[in-house]
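The next block holds one structure in the form of structure tokens; read it before the comments.
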Amino acid sequence: MKIVFMGTPDFAVPVLEALIRHHDVAAVYTRAPKESGRGKKINKSPVHLLAEKHGIDVRTPKTLKNDDEQNYLRGLNADAAIVAAYGLLLPQAVLDMFPAGCINVHASLLPRWRGAAPIQRAVEAGDKQSGISIMQMVQALDAGDVLAQEAVDISAQMTGGDLYDRLTVIGAPLLIKTLENLSAIVPQRQDETLATYAPKLEKAECLLDFDADADTLYNKIRAFAPYPATYFIYQGERFKVYRASVTEAAGRPGEITAGQDELVIATRGGKALRIETIQREGKQAMATADLLKGFHFQKGICV
Numbered sequence: 025m026k027i028v029f030m031g032t033p034d035f036a037v038p039v040l041e042a043l044i045r046h047h048d049v050a051a052v053y054t055r056a057p058k059e060s061g062r063g064k065k066i067n068k069s070p071v072h073l074l075a076e077k078h079g080i081d082v083r084t085p086k087t088l089k090n091d092d093e094q095n096y097l098r099g100l101n102a103d104a105a106i107v108a109a110y111g112l113l114l115p116q117a118v119l120d121m122f123p124a125g126c127i128n129v130h131a132s133l134l135p136r137w138r139g140a141a142p143i144q145r146a147v148e149a150g151d152k153q154s155g156i157s158i159m160q161m162v163q164a165l166d167a168g169d170v171l172a173q174e175a176v177d178i179s180a181q182m183t184g185g186d187l188y189d190r191l192t193v194i195g196a197p198l199l200i201k202t203l204e205n206l207s208a209i210v211p212q213r214q215d216e217t218l219a220t221y222a223p224k225l226e227k228a229e230c231l232l233d234f235d236a237d238a239d240t241l242y243n244k245i246r247a248f249a250p251y252p253a254t255y256f257i258y259q260g261e262r263f264k265v266y267r268a269s270v271t272e273a274a275g276r277p278g279e280i281t282a283g284q285d286e287l288v289i290a291t292r293g294g295k296a297l298r299i300e301t302i303q304r305e306g307k308q309a310m311a312t313a314d315l316l317k318g319f320h321f322q323k324g325i326c327v
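Going letter by letter, the sequence shown gives residues 25 to 327 in the numbering used here.
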């Protein structure tokens with residue numbers, strides 16, 4: 025097939041690699057490079073860099089709604105557009121442009137977790153499964169007919185980063201298999217009564233509220249690890265938390281019930297979190313036991 029690919033982050037890279045091996049990628053659309061640092065260094069997306077490596081034309085429009093961009097797309101005479109974490113909305117004119125349509129690689133078992141952050145929201149909610157859905161795109165958010173799905177189990181210790189890595193591995197093979205059998209696949213309509221939404225992660229969510237129950241906090245910590253990472257404030261300093269476990273402890277929510285050889289912080293309901301991997305401001309993440317060799321949290325203080 026002649027393909028237009030649209031994607032931006034690391035998650036989309038294996039998908040593009042697979043398409044390059046199996047199909048004819050006519051052009052790649054990705055988000056525009058960003059400037060960073062004092063030197064205004066130009067940072068191209070992972071998808072941008074891969075496309076350039078293979079000599080594929082790269083487009084970085086701010087919108088796909090203007091006539092010039094749509095005329096360029098139409099002129100490629102592609103069979104389908106494949107989308108994986110692109111970051112721009114596709115207008116109806118683009119969705120209708122390709123004979124095989126626009127096909128999305130989405131990191132959840134639709135209709136659960138439509139939207140921007142399906143991986144983290146699945147872990148945060150304590151879901152036992154996630155997966156990849158290959159779907160035909162429509163104007164409504166992640167609401168198109170499903171062409172294929174593959175599920176993976178979420179263990180009690182799995183972080184958002186762990187699940188991200190697992191789904192990155194299975195997305196590309198599932199897409200290639202789907203494209204090979206596209207003419208024989210009967211699209212499955214999503215059950216709207218089961219739809220849930222995964223809003224993008226906000227900075228305000230990262231601050232741990234120890235007035236919540238321990239299991240809820242535990243799921244949030246692992247969902248947001250390694251990025252953007254949850255944190256608490258102790259004596260005006262921010263400490264990021266990457267791993268923790270639930271334990272029994274009596275104390276007010278937020279009270280440090282152990283701070284000498286281990287860091288245990290009470291939550292609501294007579295339970296607590298034992299903080300296992302932590303990062304002090306300006307330092308590397310480390311085992312909490314290593315931090316406590318040179319830094320001590322005062323027992324009885326609330327964070």
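Here a beta-carbon is modelled for each residue, glycine too, at the ideal position from N, C-alpha and C.
Candidates the options, of which the one nearest residue i by Cα
| i | options | result |
| --- | --- | --- |
| alanine 42 | Phe234, Val71, Ala175 | Val71 |
| alanine 290 | Leu315, Ser179, Val327, Ala309 | Val327 |
| valine 82 | Thr192, Asn90, Leu97, Pro115 | Leu97 |
| lysine 77 | Ser179, Val129, Val52, Gly155 | Val52 |
| arginine 213 | Lys264, Ile245, Gln160 | Gln160 |
| leucine 225 | Val288, Lys26, Ile143 | Ile143 |
Test item: CB-CB of residue i and residue j under 7 Å
| i | j | result |
| --- | --- | --- |
| alanine 50 | valine 28 | yes |
| alanine 109 | phenylalanine 122 | no |
| glycine 139 | alanine 222 | yes |
| glycine 185 | valine 147 | no |
| alanine 273 | alanine 296 | yes |
| glutamine 153 | aspartate 177 | yes |
| threonine 281 | arginine 298 | no |
| aspartate 235 | arginine 292 | yes |
| glycine 111 | threonine 32 | yes |
| histidine 46 | isoleucine 194 | no |
Reduced DSSP category for residue i - H, G, I as helix; E, B as strand; rest coil
| i | result |
| --- | --- |
| phenylalanine 29 | strand |
| asparagine 128 | strand |
| lysine 65 | strand |
With 16 other Cβ atoms within 10 Å as the buried cut-off, status of residue i
| i | result |
| --- | --- |
| glutamate 216 | exposed |
| glutamate 279 | buried |
| threonine 87 | exposed |
| isoleucine 69 | Looking at the sequence itself, residue 69 is serine, so the reference to isoleucine does not match. It is buried - the Cβ of serine 69 has at least 16 other Cβ atoms within 10 Å. |
| glutamine 322 | exposed |
| aspartate 151 | buried |
| aspartate 166 | buried |
Beta bridge counterpart(s) of residue i as assigned by DSSP
| i | result |
| --- | --- |
| serine 154 | Val176 |
| alanine 311 | Thr301 |
| methionine 161 | Paired residues: none, contrary to the question. |
| phenylalanine 263 | Phe256, Arg304 |
| aspartate 48 | Lys26 |
Below-7 Å beta-carbon distance, residue i vs any chain C residue
| i | result |
| --- | --- |
| isoleucine 325 | Here chain C cannot be found, since the structure has a single protein chain. |
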